[in-house]
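Asker: The structure follows.
2 protein chains.
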Amino acid sequence: MTNIVTPSILPGFNEYLPEDQILFNNMMDTIRHNYESFGFLPIDTPVLEKAQVLLAKGGGDTEKQVYRFSKGDTDMAMRFDLTVPLARYVAQHFSELSFPFRRYHIAKVYRGERNQKGRYREFYQCDIDIIGNGSLAIENDGEIPAIICRTFRDLGFDDFTLRINNRKLLTGFYRYLGIEDSLSVLRIVDKLDKIGIEKTIAELEELGLSEDSANRIMQFIAIEGNTQEVLKALKALEINDELFSQGVLELEQVVQVIELFGVTEKDYKIDLSIARGLDYYTGTVYETTLDEYPEIGSVCSGGRYDNLADYYTKQSLPGVGISIGLSRLFFKLKEAGHFKDSPKSLIKALIIPMGDNNNEAISLSTKLQDNGIACQIYLESGKINKKFKYADQLGVEKAIIVGAEEVETGLWTLRDMVTGEQEKLSENDLISLLKNV
Amino acid sequence: MTNIVTPSILPGFNEYLPEDQILFNNMMDTIRHNYESFGFLPIDTPVLEKAQVLLAKGGGDTEKQVYRFSKGDTDMAMRFDLTVPLARYVAQHFSELSFPFRRYHIAKVYRGERNQKGRYREFYQCDIDIIGNGSLAIENDGEIPAIICRTFRDLGFDDFTLRINNRKLLTGFYRYLGIEDSLSVLRIVDKLDKIGIEKTIAELEELGLSEDSANRIMQFIAIEGNTQEVLKALKALEINDELFSQGVLELEQVVQVIELFGVTEKDYKIDLSIARGLDYYTGTVYETTLDEYPEIGSVCSGGRYDNLADYYTKQSLPGVGISIGLSRLFFKLKEAGHFKDSPKSLIKALIIPMGDNNNEAISLSTKLQDNGIACQIYLESGKINKKFKYADQLGVEKAIIVGAEEVETGLWTLRDMVTGEQEKLSENDLISLLKNV
Chain A
1 MTNIVTPSIL PGFNEYLPED QILFNNMMDT IRHNYESFGF LPIDTPVLEK
51 AQVLLAKGGG DTEKQVYRFS KGDTDMAMRF DLTVPLARYV AQHFSELSFP
101 FRRYHIAKVY RGERNQKGRY REFYQCDIDI IGNGSLAIEN DGEIPAIICR
151 TFRDLGFDDF TLRINNRKLL TGFYRYLGIE DSLSVLRIVD KLDKIGIEKT
201 IAELEELGLS EDSANRIMQF IAIEGNTQEV LKALKALEIN DELFSQGVLE
251 LEQVVQVIEL FGVTEKDYKI DLSIARGLDY YTGTVYETTL DEYPEIGSVC
301 SGGRYDNLAD YYTKQSLPGV GISIGLSRLF FKLKEAGHFK DSPKSLIKAL
351 IIPMGDNNNE AISLSTKLQD NGIACQIYLE SGKINKKFKY ADQLGVEKAI
401 IVGAEEVETG LWTLRDMVTG EQEKLSENDL ISLLKNV
Chain B
438 MTNIVTPSIL PGFNEYLPED QILFNNMMDT IRHNYESFGF LPIDTPVLEK
488 AQVLLAKGGG DTEKQVYRFS KGDTDMAMRF DLTVPLARYV AQHFSELSFP
538 FRRYHIAKVY RGERNQKGRY REFYQCDIDI IGNGSLAIEN DGEIPAIICR
588 TFRDLGFDDF TLRINNRKLL TGFYRYLGIE DSLSVLRIVD KLDKIGIEKT
638 IAELEELGLS EDSANRIMQF IAIEGNTQEV LKALKALEIN DELFSQGVLE
688 LEQVVQVIEL FGVTEKDYKI DLSIARGLDY YTGTVYETTL DEYPEIGSVC
738 SGGRYDNLAD YYTKQSLPGV GISIGLSRLF FKLKEAGHFK DSPKSLIKAL
788 IIPMGDNNNE AISLSTKLQD NGIACQIYLE SGKINKKFKY ADQLGVEKAI
838 IVGAEEVETG LWTLRDMVTG EQEKLSENDL ISLLKNV
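Chains as they are written, first to last, in this note's numbering: chain A, 1 to 437; chain B, 438 to 874.
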């Protein structure tokens, strides 16, 4: 007698039943299709890397979450994002790549975070980045969000908002106000939504800013309106700072390019309050929210950085990229009932032999397959109701019944599994009909 | 100054340049498409599992190769195949699944094997299995190889051989000869190709078999011919053993079903010499070789088993399945020059703006994308030759030149990157042409 071990997975890890996996894969396929359509090339790096290489940049909180271990003498770690492996990949294969190097990477990453609902320790990221060799045109900063807008539209979201800002503009503004420690200011301003205006001003004054400076900051981040209004208001501030001016110019160029790529103000807006982390991005930054599901927060973020891989190479590799956190997005959408009417079967029909007609059913399935019709055949014995129940459980829309009468007459019974309606069809008619379902 | 860490990956691990990754993904997509077309459902289990669960079955060589480690109090391990996770999944979600449960799983597995060429420590398996609840019709054993044949044909292999045998037939035969320890005999016979006939007979006699029995074994495994000849020869042996007869009957049923599924003797054969491992499979067994690349060995193997998950559940879960070892197959095919004429780009055209016409080029790219034409735009400054070189490196077949003349006349220049030929086309003609490339 075998000892039975209770089957279960690790806390914080996740797997879906097939009907949800189909929906998840649909989203992943749509994202991949969009990425590929814009010339992004696939890469697939190892999940396990040398710890020394993966953690070359070191760094606080993330490092504690990394799954790191030794086997023999080898110190290894599981990747915790797709950016560090990209940096390593580009540095390692530099001479074999063509620049600008556009890559997409859709894969699992691992973080031993505190276990909480919808935050997984193993989750998918869907990244695109464009890496330049020495330089990278600003137009790329406008193409990336355009691709994301097209992707979300293809995913079935008509209403979303892609927010754009520019870090140079922010840094220049604060520098002009005589604020040397702009990082601390950004850190406080970044929390505005959470802590409110008053507390933000108080924290800014605690930093040593004058009341006037704190108020100017609040005025600045309160700038709103459509793209042209915001750009006009920024220029009207008359901030005499080179970095600020460069940031405004970049923002102006980026929104122009976005519109040339077919994105309208319905889908994007300039939002001066977003800063996206505080040390990585150096120019354009993006966040995306779904208007229907504001509670999800940003579903897609990214931006421009000066140097992808300074820990691995002396080459200057500026880039711009964005990432969709698919696992969390899917979890939240499912929770919100987003998929309740989605189809859950990948086949057109289940073929159900009755009585002793397995062979005829198999021959029919072969003809359907030869015509490119995805189908499955139920080969187990049993009563018709058991077979229909199986078809229902699979969520398949049509069943084809192959019984004695069908074999004799050469007319197959096609049953609509939703309505229960049945019709008799010749093989050719059946094939034409299913090809066009 | 940042310290530079040399970028490299772990020995035994692997990653491809994008042009190879595209070819790899093409194969993976073809396999997935075939699996889905036959009603196999996707699952995606965690790479990391509880060590106690993953290694419940325990067992020798594999266990030493497993990447196993602790984080906090948790003892975890990376999956080393897709069968154990399937067993765990089916046992865990038993009440939520419909049986027969058909699942496919295409994913990476991890084995810290001795490092050797073409044997990776991280590699893809592409598995399908059909799991019954209590019983599973023998017809399923004939469908699985038919799906594999269709898959290999879609992968572009016209000449391959799927070899079929039956373990019951083998066990019954040896039992009839009075051999109790049929496992030892099978183990010796399994090496026939490696050690030759004489050494095989010698080893059999060492086991304590009579010369007559050893000779009868050699006669048995020498049976050859087409399907009907082999089946006739098996029956002519007049082995009066129930298990043997059942095995022959199953084999007969399986080959009949295979043919109904559209597979001819060009693609499959009965091969009494294969046994596929020695304790897991209990009925039908399969191996597949590519006629053009015999040196690769079996590229796809599997078979029937009595009980998938007896370590996790008391439910009886008979099944049949097969696995394609895609990473090794791809490595070997690439080594053999199989892909030398394969296209390496996923886009239809690279749009190349000349002079100051980035905006016009972007507008054009938007129109192409709106028409479902995958394209990329080269946004960096530089001379035309640099831009053509980039197009060549990408392996893209067409370039669209957007210069002052094109913008003025409204006729775009389409360049064939292979021949260097150029033609001028209106936007509509360009779109029609690229849609049909």
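Where is the CB? At the ideal position from N, CA and C, for every residue including glycine.
Keep in mind it's a predicted model, so treat the numbers as computed, not measured.
Quick one: any contact between the segment 575–594 of chain B and the segment 689–696 of chain B, if contact means 3 or more CB pairs under 8 angstroms?
Answerer: Yes, they touch.
Asker: With 9 angstroms as the C-beta to C-beta threshold (strictly closer), list the residues of the segment 212–226 of chain A near chain B in chain order.
Answerer: Under the 9 angstroms Cβ criterion, the segment 212–226 of chain A contributes no residue.
Asker: Ala400/B: buried (16+ other C-beta within 10 angstroms of its C-beta) or exposed?
Answerer: Outside the modelled stretch of chain B, which goes from 438 to 874, sits residue 400/B, for which no answer is possible.
Asker: Can you check whether the C-beta of Lys71/A is within less than 8 angstroms of a C-beta belonging to chain B?
Answerer: To locate residue 71/A, count along the first sequence from 1; it is residue 71. So, interface residue.
Asker: Would you mind sorting His542/B into buried or exposed? The rule is 16 or more other CB atoms within 10 Å of its CB.
Answerer: To locate residue 542/B, count along the second sequence from 1; it is residue 105. Buried, because 16 or more other Cβ atoms sit within 10 Å of the Cβ of His542/B.
Asker: How would you list, in chain order, the residues of chain B whose beta-carbon sits under 9 angstroms from the beta-carbon of Asn115/A?
Answerer: Taking the first residue of the first sequence as position 1, residue 115/A is located at position 115. Neighbours of Asn115/A on chain B: none; closest Cβ ~11 angstroms, over 9 angstroms.
Asker: Give me whichever residues DSSP pairs with Cys300/A in a beta bridge.
Answerer: Taking the first residue of the first sequence as 1, we reach residue 300/A at position 300. Paired residues: Thr288/A and Ile324/A.
Asker: Cβ closer than 7 angstroms: which chain A residues qualify as neighbours of Ser532/B?
Answerer: Taking the second sequence and counting its residues from 1, the one referred to as residue 532/B is at position 95. Correct list: empty, because the minimum Cβ distance to chain A is about 11 angstroms.
Asker: Assuming Tyr110/A and Arg119/A are in contact, meaning their beta carbons sit under 8 angstroms apart, how far apart are those beta carbons, in whole angstroms?
Answerer: For this step, residue 110/A is matched to residue 110 along the first sequence. For this step, residue 119/A is matched to residue 119 along the first sequence. Not quite, the Cβ-Cβ distance comes to about 13 angstroms (not below 8 angstroms), so this is no contact.
Asker: Would Val874/B be called buried (16 or more neighbouring beta carbons within 10 Å of its own) or exposed?
Answerer: Start at 1 with the first residue of the second sequence, and residue 874/B comes out as number 437. That one is exposed.
Asker: For Asp370/A, go through chain B and note every residue whose CB falls closer than 8 angstroms to its CB, in chain order.
Answerer: What you label residue 370/A is simply residue 370 of the first sequence in a count that begins at 1. Under the 8 angstroms cutoff, chain B gives Gly699.
Asker: Below 8 angstroms between beta carbons: does that hold for Ile733/B and Glu724/B?
Answerer: Here residue 733/B refers to the residue found at position 296 of the second sequence. Here residue 724/B refers to the residue found at position 287 of the second sequence. Cβ distance not < 8 angstroms, so Ile733/B and Glu724/B don't count as in contact.
Asker: Let me know the alpha helix (DSSP H) ranges lying completely inside the segment 203–238 of chain A, each 4 residues or longer, listed in chain order.
Answerer: If we require 4 residues or more, the alpha helix (DSSP H) runs fully inside the segment 203–238 of chain A come out as 211–221 and 227–236.
Asker: State the DSSP-derived secondary structure class of Tyr305/A, mapped to helix, strand or coil.
Answerer: In the first sequence, the residue the question calls residue 305/A occupies position 305. In the structure shown, Tyr305/A sits in a strand (DSSP, three-state: E or B).
Asker: Would you mind giving the Cβ-Cβ distance between Asp127/A and Leu82/A, rounded to the nearest angstrom? I have them listed as a contact below 8 angstroms.
Answerer: Start at 1 with the first residue of the first sequence, and residue 127/A comes out as number 127. Start at 1 with the first residue of the first sequence, and residue 82/A comes out as number 82. That belief holds up - the Cβ atoms of Asp127/A and Leu82/A are roughly 5 angstroms apart, short of 8 angstroms.
Asker: In the segment 33–46 of chain A, which residues sit with their C-beta less than 7 angstroms from some C-beta in chain B, listed in chain order?
Answerer: From the segment 33–46 of chain A, only Glu36, Ser37, Phe38, Gly39, Leu41, Pro42, Ile43, Asp44, Thr45 and Pro46 have a Cβ closer than 7 angstroms to chain B.
Asker: At the level of alpha carbons, what is the spacing between Pro479/B and Glu473/B?
Answerer: By 1-based counting over the second sequence, the position of residue 479/B is 42. By 1-based counting over the second sequence, the position of residue 473/B is 36. So the two alpha carbons sit approximately 8 angstroms from each other.
Asker: From what residue to what residue does the beta strand (DSSP E) around Gln376/A run?
Answerer: Here residue 376/A refers to the residue found at position 376 of the first sequence. Gln376/A -> beta strand (DSSP E) spans Cys375 to Ile377.
Asker: Could you tell me the alpha carbon to alpha carbon distance between His33/A and Gly39/A, rounded to whole angstroms?
Answerer: In the first sequence, counting from the first residue as 1, residue 33/A sits at position 33. In the first sequence, counting from the first residue as 1, residue 39/A sits at position 39. Approximately 10 angstroms, taken between the alpha carbons.
Asker: Which residues, in chain order, does the segment 827–859 of chain B contribute to contact with chain A at a C-beta distance below 7 angstroms?
Answerer: Against chain A - using a Cβ distance shorter than 7 angstroms - the residues of the segment 827–859 of chain B are Tyr827, Gln830 and Leu831.
Asker: Can you tell me whether DSSP reads Leu862/B as helix, strand or coil?
Answerer: Locating residue 862/B in the second sequence gives position 425, counting from the first residue. Here Leu862/B sits in strand by DSSP.
Asker: Just to make sure I have the definition right: I need the residues of chain B whose C-beta is within less than 9 angstroms of the C-beta of Asn443/A. Which are they?
Answerer: In the structure as shown, chain A starts at 1 and stops at 437, and residue 443/A therefore has no counterpart that could be examined.
Asker: Can you confirm whether Thr313/A, when its beta carbon is compared against all beta carbons of chain B, has any partner nearer than 8 angstroms?
Answerer: Walking along the first sequence from the start, residue 313/A turns up at place 313. So yes, Thr313/A belongs to the interface.
Asker: Does any CB atom of chain E fall closer than 8 angstroms to the CB of Arg548/B?
Answerer: Chain labels in this structure do not include chain E; the protein chains are A and B.
Asker: If we count the other Cβ atoms within 10 Å of its Cβ and call it buried at 16 or more, is Ser802/B buried or exposed?
Answerer: As a working mapping, residue 802/B is identified with position 365 in the second sequence. So Ser802/B counts as buried.
Asker: If we call anything under 8 angstroms between Cβ atoms a contact, is Ser621/B one with Arg612/B?
Answerer: Your numbering for residue 621/B matches position 184 in the second sequence. Your numbering for residue 612/B matches position 175 in the second sequence. No, Cβ-Cβ distance for Ser621/B and Arg612/B is not below 8 angstroms.
Asker: Figure out for me which residue from Asp829/B, Glu864/B and Ala841/B has the closest Cα to the Cα of Gln853/B.
Answerer: For the purposes of this step, residue 853/B is taken as the residue at position 416 of the second sequence. Note that residue 853/B corresponds to Asp in the displayed sequence, not to Gln. Ranking Asp829/B, Glu864/B and Ala841/B by Cα distance to Asp853/B puts Asp829/B first.
Asker: Can you tell me which of the three DSSP states Arg167/A falls into?
Answerer: Position 167 of the first sequence holds residue 167/A. Three-state result, Arg167/A: helix.
Asker: Rounded to the nearest angstrom, what separates Ile322/A and Thr608/B at their Cα positions?
Answerer: Position 322 of the first sequence holds residue 322/A. Position 171 of the second sequence holds residue 608/B. When rounded, the distance between both Cα atoms is 59 angstroms.
Asker: Should Arg119/A be flagged as near chain B, meaning a C-beta pair shorter than 8 angstroms?
Answerer: The sequence position of residue 119/A within the first sequence is 119, counting from 1. So no, Arg119/A is outside the interface.
Asker: In whole angstroms, what is the alpha-carbon distance linking Ile4/A and Leu485/B?
Answerer: As a working note, residue 4/A is residue 4 in the first sequence. As a working note, residue 485/B is residue 48 in the second sequence. Taking the straight line from one Cα to the other gives about 20 angstroms.
Asker: Would you say Lys194/A reaches chain B, if we count a Cβ-Cβ gap shorter than 8 angstroms as a contact?
Answerer: Counted from its first residue, the first sequence places residue 194/A at position 194. Lys194/A does not count as touching chain B.
Asker: Is it right to say Lys266/A is buried, meaning 16 or more other beta carbons lie within 10 angstroms of its own, or is it exposed?
Answerer: By 1-based counting over the first sequence, the position of residue 266/A is 266. Its Cβ having fewer than 16 others within 10 Å, Lys266/A is exposed.
Asker: Considering only C-alpha positions, which residue in the set Gly262/A, Pro85/A and Leu272/A is nearest to Ile217/A?
Answerer: Taking the first sequence and counting its residues from 1, the one referred to as residue 217/A is at position 217. It is Leu272/A.
Asker: Taking only the alpha-carbon atoms, compute the straight-line gap between Gly509/B and Thr264/A and give it to the nearest angstrom.
Answerer: Locating residue 509/B in the second sequence gives position 72, where the first residue counts as 1. Locating residue 264/A in the first sequence gives position 264, where the first residue counts as 1. Those two C-alpha atoms are separated by around 50 angstroms.
Asker: By DSSP's criteria, His105/A is part of a beta bridge. Which residues make up the other side?
Answerer: For the purposes of this step, residue 105/A is taken as the residue at position 105 of the first sequence. Its beta-bridge partners are Asp127/A.
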